[in-house]
Structures are given as C-alpha cells and as structure tokens.
Amino acid sequence: MGSKNFVIRNYEESRLSDRAQVADLEQRCEIGSSKRVFLFTDTLGDPICRIRHSPLYKMLVAEWNNEVVGVIQGSIKTAFSSAHKPPGLAAKVGYILGLRVAPPFRRRGIGCSLVHDLEDWFVANDVDYCCMATEKDNHASVNLFINHMRYVKFRTGRILVNPVTNHPYKINQSEIKIQKLKIEEAEEIYKKHMASTEFFPKDINSILKNNLSLGTWVAHYKKQPPPWSAAADIPLSWAVVSLWNSGEVFKLRLGKAPFPWVVYTKSLKMMDKMLPCLKVILVPDYFKAFGFYFVYGLHHEGACSERLVGVLCEFVHNLALSNAKDCKAIVTEIGGEDDELKMAIPHWKLLSCSEDLWCVKALKGEEDSLLEWKNGPPNRPLFVDPREV
Ligand SMILES: CC(C)(COP(=O)(O)OP(=O)(O)OC[C@H]1O[C@@H](n2cnc3c(N)ncnc32)[C@H](O)[C@@H]1OP(=O)(O)O)[C@@H](O)C(=O)NCCC(=O)NCCS
C-alpha cells in the first residue's frame, strides 16, 4: 500500500462540510454494471440515512488533504444464522454497505483501509460475522472483498425491479384473497415460519413497527383457509410480503441507459400521445430522482404459492400507483436461485440484477461456519433486511 496520504475518521453529522462532501461523492460514484444501467443514489442531504434505522451504525470517511475522497457505512444487528453454533442461538452480524471512493483516488488502498477500519469497529462490538453484497460484475468490489479482504461468497441473490407503470394490474379477486395483517399478527407469522431463514433479525418487531414499514399482506387461495387458521390440517398454499418505503429515505436516478432503452421509452411516449386510446404502458422517467418500495419478508409455502407471491407483487404495484406519487419502482430481492419464484415476480430484466453476490467473513475465526455457508443449499431463503438496502 505504501505510505498513506489519507486518514480514516468518523463521519461527523454535525459538520456541514462532511454532509456536503459525502453527498457530492455519492453523486460522483455510479453503482451498477457499465454494461447495464448506472444508478446514482440521492440521499437528500442526509448521507447517513441508509443505516439510520439499524440498531447500531457507523459511517467512516477517508480524507485526503482535507477533502473527503472515500466513504463506508456499517450496521450491526442480532440475527439467526444456520451456520452459527449452537443452533438457534442468535449471532451478532455486521453489514457493510455504501463503500465509495472518488474516481481520481482509486487504486491507492483507500477502499481496503475503509473496510479494514469498519471491521475493527465490528470486532470492538463483538460481531461474529460481517457480510456484504455486490453485483457479480462489479469486478473492483469483488476483487477487493474476496481477494484482498478474504470474504467468502455464500449466496447469489437476485434483485428484481419492476417499474410502476401508468396502468394497474388486474388481480383475480374471485380466486385469491389478499389480507393486510396487524403488526402483531405479522410478527407471529414471521417468527413461526421464517425463523430458520438466513439472517432473520431478532428485532423483527422493530422493523415491522418502523414508520417506513407500510404493512404486511398475506395471499391465499379462497378455497383454502388462511395460514393462521387453527382448523387447518391440510397443506396450505399461501404467501406473505411486507413493504418498506425506501423512497422516504433516499432516491435513485438513472445515470446512463443503453441506447435501445432510450429509444423504446421515447417511442412509447410518442405512441401514447398520438394514440391515447391504445392505453400504452409507459415506463417512468428514471432520469429524474425517484423513490421506490422495497419488498421484504417475502415467504411462501405450499403448491402454486409462487403465483401468490406474484399476485402480492402486483398488489403492491397497484398500491404504489394509487398512493405514492414519486414511487416509480418496486424492488424485491430473493436470496436464492429459485427460478420459479423469479419468473412469478413481475420485473424488468434490464433494470434488475440477476447476480447479487452475498459474501461473508467470520470475525472470530470460525472457519467451520464458512464451510457451512459455502456448502449450504443455494435455495435456502435469506432475509434481506430493508434497513440495509
Ligand atoms: C470498489 C471501490 C470502492 C474500490 O476502491 P479503491 O480505493 O480503488 O480500492 P483499493 O485501492 O483499496 O483496491 C484494493 C483492491 O481491490 C481491487 N480493485 C480495486 N479496483 C479495481 C478495479 N477497478 N478493477 C479490478 N480490481 C480492482 C484490486 O485487487 C485492488 O488491489 P490492487 O490495487 O493492489 O490491485 C471503488 O472502485 C468504487 O468506489 N467503486 C464504485 C462504487 C462501488 O462499486 N462500490 C462497491 C459497492 S459494494
């Protein structure tokens, strides 16, 4: 690494220059593959907003001649993991996100130093495992975490993005019943059915109670009783999702889109103007900052339950269309290679990420846990915490 020309220090929320410089850095760093689309995040003047809802969090900055040139965020929570021993005992999990280094200062060891110092904070807080997720084709990030910092890939997630278009989905209400749950009902259902999900948070209740959580909905076939029905002694088919208003926290903006995308969206607009009777489905203008809903706590059981997940996602789309003016996308992350589920969830391939690598590192030297993760079934569900999006 050579002699360091930079220092790593805590981000100071009260310092206006920190706020401004980090926000500016965020604007200059693209996320996403150059082959697909570039997305920029707009933190609305509050760079720490993405982790603020976690039980414990920290943001570090790298400074070069008093200029902020790098940033990283981390959060800590207590969660359940199949790899943690003894089984059923919760582990302390650190999560890394928002690593950015200004383009002119890259390849000078700043990214690695930021990760290293955040790991020191995890260790000081008795964290068992730290994890992070990155797109498979983000070579800089993959090399940094896997080759340099000894993280191990344990799962490939899929981030599915569905635009909120100008037309609602038609939902077959005669066959399928959708019901909103009270927070206590949702908590009970999650604890009963999702407790063995990888990284299921111990404080699920505080997520469900958070103002950003818009609700939990269950779908089941009308010919069957609902999943909580005491009388049910037959295998039931049902699905559950919860919704997080991520757009309240930060916005996204498309930086660059492939040429066919631009042509396609412009032609749709033109067609809609000329022939409104066709009721053309319009793609939102993603070049302006937009909000999005994040689907979390997705779980399904029983035959044909993937279809119920799909219907719940359509329901959520309609909710966004009628309730939220600036919500232009529904984002869902599934933590496994479940093709049937992926097909059931409405999404646009061009906006979605088919390979989001989840990587982990054992901070207390428990190499057995890493093996368990590496060799575990690729479809074991993963709880994607909306506070870490
Ligand atoms: C990823 C990022 C933070 C790396 O920051 P950085 O300060 O350049 O990283 P470092 O100098 O510490 O690099 C450490 C190692 O990572 C790997 N690496 C970094 N940039 C790389 C690149 N562009 N291509 C391939 N490998 C790269 C190399 O192995 C490098 O070691 P080396 O320079 O000895 O070969 C930076 O490129 C960035 O901000 N990218 C945009 C935002 C982003 O994608 N963040 C990650 C989200 S998870």
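Numbering (the UniProt record's numbering), first residue to last: 1 to 389. Virtual Cβ for every residue (Gly too), placed ideally from N, Cα, C. As the structure is a prediction and not an experimental result, all values here were calculated from the model.
(request) Tell me whether residue 75 counts as near ligand 1, meaning its Cβ is closer than 8 Å to at least one heavy atom of that ligand. (result) no
(request) Note down, in chain order, each residue of its chain lying with its Cβ closer than 8 Å to the Cβ of residue 345, except the 5 sequence neighbours on either side. (result) 160, 162, 309, 310, 313, 332, 334
(message) DSSP three-state label for residue 277, please.
(response) DSSP, reduced to helix, strand and coil, places residue 277 within a helical segment of the structure shown.
(request) In angstroms with no decimal places, state the Cα-to-Cα distance between residue 53 and residue 101. (result) Within the model, the alpha-carbon separation for residue 53 versus residue 101 is close to 24 Å.
(message) Applying the 10 Å Cβ sphere with the 16-neighbour rule, what's the burial state of residue 130?
(response) buried
(request) Tell me whether residue 162 sits in a helix, a strand or coil according to DSSP, three-state version. (result) strand
(request) Identify whether residue 132 lies in helix, strand or coil by the three-state DSSP scheme. (result) Secondary structure at residue 132: strand, using DSSP grouped into helix, strand and coil.
(message) Short of 6 Å in beta carbon distance, which residues of its chain neighbour residue 383, apart from the five on each side in sequence? Order them along the chain.
(response) 197, 199, 200
(request) Using the Cα positions of residue 153 and residue 146, report the straight-line distance between them to the nearest angstrom. (result) 8 Å
(message) Considering only DSSP beta bridges, list what residue 330 is partnered with.
(response) 162, 293
(request) Please go through the same chain and pick out, in chain order, the residues whose beta-carbon is closer than 6 Å to the beta-carbon of residue 236, but skip the five residues on each side of it. (result) 224, 227, 302
(request) For residue 323, name the three-state secondary structure that DSSP assigns. (result) helix
(request) Have a look at 8, 206, 72 and flag the residue whose alpha-carbon is nearest the alpha-carbon of residue 25. (result) Between residue 25 and the set 8, 206, 72, the nearest pair of CA atoms involves 72.
(request) Give the straight-line distance between the Cα atoms of residue 315 and residue 177, rounded to the nearest whole angstrom. (result) 11 Å
(request) In the DSSP assignment, find the unbroken beta strand (DSSP E) run with residue 336 in it and report its ends. (result) Segment: none, residue 336 is in no beta strand (DSSP E) and carries neither H nor E.
(request) From the DSSP output, read off the bridge partner residues of residue 176. (result) 221
(message) According to DSSP, simplified to helix, strand and coil, what is residue 1?
(response) Only weak support exists for where residue 1 lies, its pLDDT of 47 falling under 50; the value from the coordinates is given anyway. It is coil, neither helix nor strand.
(message) For residue 180 and residue 389, I'd like the C-alpha separation in whole angstroms.
(response) Whole-angstrom Cα-Cα distance: 24 Å.
(request) Go ahead and pull the three-state DSSP assignment for residue 313. (result) Helix, per DSSP.
(message) Please return the same chain residues whose Cβ sits closer than 8 Å to the Cβ of residue 359, not counting the five positions on each side in sequence.
(response) 131, 132, 133, 134, 145, 146, 151, 152, 153, 154
(request) Determine the direct distance from the alpha carbon of residue 319 to that of residue 77, and round the result to whole angstroms. (result) 30 Å
(request) Identify whether residue 299 lies in helix, strand or coil by the three-state DSSP scheme. (result) Three-state result, residue 299: strand.
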